[in-house]
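Quick notes on the structure that follows.
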DNA sequence: AGCGAATTGTAAAAAAACTGTAAGCGTGAG
DNA sequence: CTCACGCTTACAGTTTTTTTACAATTCGCT
């Protein structure tokens, strides 16, 4: 559900800063050098990449252009301890989208990352006839707003994002309700009923199917 | 490679100041009046324009709006010897991006120009009918200063700058109040109420919409 | 096919959460 | 001192979420 960030940074102190900053907000993987990064990058693409320019085994600029050779659009944020503009300009010319000087504030970091994700349109996701608009916490079905409440929004976007897989009730509880695991109650069913109501009101029928004994499934 | 600046300024003494200030940094062309400027402007577009408001043959304001008719995005910096705020406000409303009072320091000039070339760092930002003036911590709506307090200014400029996105309350707390995130209090609502009051007093209605359970949204 | 337990759907009521607004307090600048 | 500003408290009006209670459905088993 959360966006996945790759961070290339060798300083362990700074690594910790990243970890605490993104905790609970995004999923992150931190690489201490360029090689580890590219090994993983070959198999899995993140939603955004943060690169420190000064690295032990590889030039940060080279990393940026290598990333760009393999992928045109993933947002890249350059980070550098150098205060001079030149190093940033160079990074931007290699294909980075944004830059930050060390030391940076957590707030600034979060803002940049969010901006990067927005730019790449990740906050608006198309899923069949549905559009999940995380900017405005709405879900549209063929251009009509389903007018979901916050909980419904979270529930249904989770369902939509799990391509046709049957999602166990337990998983939904865990994801949407978290630890406050609710024992015996019809809460989930109620929300599903609400969703079904709003869906069919918008002309979308049989979107949420129940898989008895397991959970629910959303046709992709 | 160097950026090209056009400067409209009749005073020869001031012209020399510009020349020495920009020497080696940017290419500049200085015009003593509006006619010369537009003759050249028809054929070649600069990266930034500096306009003195008091000119012999033509009203500086008229120049600004004429430029804007022909080009939407070239940054324009207004310069005036008038110390009153009104002339600047007028310039901004005609489409200028920034302003400077004479006499100005070379450093200030360079900073403004640099900021202008890098639109993102501009101290004056146009956002729909609003003008965010970070020089003086004001926000203008169609010629009128909203007279915001510092906190209101920070809050509303943040809201304005997030193009139509729904901003969660949490984010507003984080951005405006920082880490002193106190649990439940109506502080944010109060400031929003204040803002709404001042907005509608200025004739701007329904600018801040509340998105229940999430936060607020400012229509783009 | 019929029965019963487990599971799911639904309506209504209850509880909780959320927002707007009024009133008042403390503080610091002028 | 007085006033503007930022914040808090209290409460009312709504909306959202959960609970309760019961109906309906499914499935294994005889």
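Chains as they are written, first to last, in the working numbering: chain S, 498 to 717; chain X, 498 to 717.
The beta carbon of each residue, even a glycine, is placed where N, CA and C say it ideally should be.
Can you pull the chain X residues whose beta carbon is under 7 angstroms from the beta carbon of residue 646 of chain S, in chain order?
Under the 7 angstroms cutoff, chain X gives 710.
Using the Cβ count rule (16 or more neighbours within 10 Å means buried), how would you classify residue 521 of chain S?
Here residue 521 of chain S is exposed. Its C-beta has fewer than 16 other C-beta atoms within 10 Å.
Could you run through the segment 613-638 of chain S and flag, in chain order, every residue whose CB is less than 7 angstroms away from some CB of chain X?
Closer than 7 angstroms at the C-beta level to chain X, one finds these residues of the segment 613-638 of chain S: 632, 633, 634.
Which residue or residues does DSSP assign as beta-bridge partners of residue 512 of chain S?
Bridge partners of residue 512 of chain S: none, in fact.
Does the contact criterion of 3 or more C-beta pairs under 8 angstroms hold for the segment 535-553 of chain X versus the segment 500-509 of chain X?
Pairwise C-beta distances place the segment 535-553 of chain X in contact with the segment 500-509 of chain X, as three or more of them are shorter than 8 angstroms.
Given residue 590 of chain S as reference, the closest of S/559, S/534, S/614 once Cα atoms are compared:
Measuring from the Cα of residue 590 of chain S, the nearest candidate turns out to be S/559.
Quick one: which chain S residues come within Cβ less than 7 angstroms of residue 662 of chain X?
Scanning chain S for C-beta atoms nearer than 7 angstroms to the C-beta of residue 662 of chain X yields 632, 633, reported in chain order.
Could you round the C-beta distance between residue 701 of chain X and residue 638 of chain X to whole angstroms and report it? I think they count as a contact, below 8 angstroms.
Indeed, because the Cβ distance is near 5 angstroms, the residues count as touching under 8 angstroms.
Using a Cβ distance threshold of 8 angstroms, determine whether the segment 559-575 of chain X contacts the segment 511-530 of chain X, with at least three qualifying pairs required.
In the pairwise beta carbon analysis, the segment 559-575 of chain X is classified as not touching the segment 511-530 of chain X: fewer than three pairs are separated by under 8 angstroms.
Given residue 712 of chain S, which residues of its chain have a CB within under 8 angstroms of its CB, disregarding the five upstream and five downstream residues?
If you ignore the 5 residues before and after residue 712 of chain S, its C-beta comes within less than 8 angstroms of the C-beta of 663, 664, 665, 666, 667, 668, 669, all in its own chain and listed in chain order.
Would residue 609 of chain S be called buried (16 or more neighbouring beta carbons within 10 Å of its own) or exposed?
Here residue 609 of chain S is buried, its C-beta having at least 16 other C-beta atoms within 10 Å.
Can you grab the Cα-Cα spacing for the pair residue 505 of chain X / residue 694 of chain X, in whole Å?
Residue 505 of chain X and residue 694 of chain X: Cα-Cα distance of roughly 41 angstroms.
Count Cβ pairs between the segment 680-691 of chain X and the segment 614-631 of chain S that sit closer than 8 angstroms; are there 3 or more?
The segment 680-691 of chain X, when compared against the segment 614-631 of chain S, does not touch it at the 8 angstroms Cβ threshold.
Which residue spans inside the segment 649-674 of chain X form an unbroken beta strand (DSSP E) run of at least 3?
Qualifying beta strand (DSSP E) stretches, in chain order: 663-665.
Kindly indicate the opening and closing residues of the beta strand (DSSP E) around residue 604 of chain X.
Note, residue 604 of chain X: premise wrong, no beta strand (DSSP E); alpha helix (DSSP H) at 603-614.
Determine whether the beta carbon atoms of residue 549 of chain X and residue 576 of chain X lie at a separation below 7 angstroms.
It is a contact, given that the beta carbons lie within the stated cut-off.
Take residue 613 of chain S as the anchor and find which of S/633, S/573, S/597, S/714 has the nearest alpha-carbon.
Ranking the options by Cα distance to residue 613 of chain S, first place goes to S/573.
Run of the beta strand (DSSP E) containing residue 630 of chain X, from where it starts to where it stops
Where residue 630 of chain X is concerned, the enclosing beta strand (DSSP E) stretches over 627-630.
Are there 16 or more other CB atoms within 10 angstroms of the CB of residue 644 of chain S, so buried, or fewer, so exposed?
Exposed is the call here.
Residue from X/625, X/607, X/514 whose Cα sits closest to the Cα of residue 716 of chain X
Checked all of X/625, X/607, X/514; the closest Cα to residue 716 of chain X is X/625.
Got a sec? Which residues, its chain only, sit under 6 angstroms from residue 603 of chain X by beta carbon, not counting five neighbours each side?
The beta carbon of residue 603 of chain X lies closer than 6 angstroms to those of 518 in the same chain, with the five residues before and after it left out.
Buried or exposed: which applies to residue 686 of chain S, given that a residue is buried once 16 or more other Cβ atoms fall within 10 Å of its Cβ?
When all chains shown are included, residue 686 of chain S counts as exposed.
Applying a beta-carbon distance threshold of less than 9 angstroms, which residues of chain S neighbour residue 714 of chain X?
633, listed in chain order.
I'd like the list of long-range same chain contacts for residue 635 of chain S, defined as Cβ closer than 6 angstroms, with 5 residues on each side in sequence excluded.
Only 642 meet the Cβ criterion.
Nearest-angstrom Cα separation, counted from residue 526 of chain X out to residue 508 of chain X:
C-alpha separation (whole angstroms): 14 angstroms.
Starting from residue 712 of chain X, follow the alpha helix (DSSP H) in both directions and report where the run begins and ends.
Secondary structure note for residue 712 of chain X: it is in no alpha helix (DSSP H), and the uninterrupted beta strand (DSSP E) holding it is 712-715.
Under the rule that 16 or more other beta-carbon atoms within 10 Å means buried, what is residue 594 of chain S, buried or exposed?
Taking a 10 Å sphere around the C-beta of residue 594 of chain S, we find 16 or more other C-beta atoms and assign the residue as buried.
According to DSSP, simplified to helix, strand and coil, what is residue 687 of chain S?
Collapsing the DSSP output to three states places residue 687 of chain S in a helix.
In chain order, what residues of the same chain lie with their CB nearer than 7 angstroms to the CB of residue 647 of chain X, ignoring the 5 residues before and after it?
For residue 647 of chain X, where only same-chain residues beyond five positions count, the Cβ hits under 7 angstroms are 634.
What's the call for residue 592 of chain X, buried or exposed, on a 16-neighbour Cβ count within 10 Å?
Buried, since its Cβ has 16 or more Cβ neighbours within 10 Å.
Using a threshold of 6 angstroms, is the CB atom of residue 653 of chain X nearer than that to any non-hydrogen atom of the ligand HEM?
As far as ligands go, the structure on display features none, and thus does not contain the ligand HEM.
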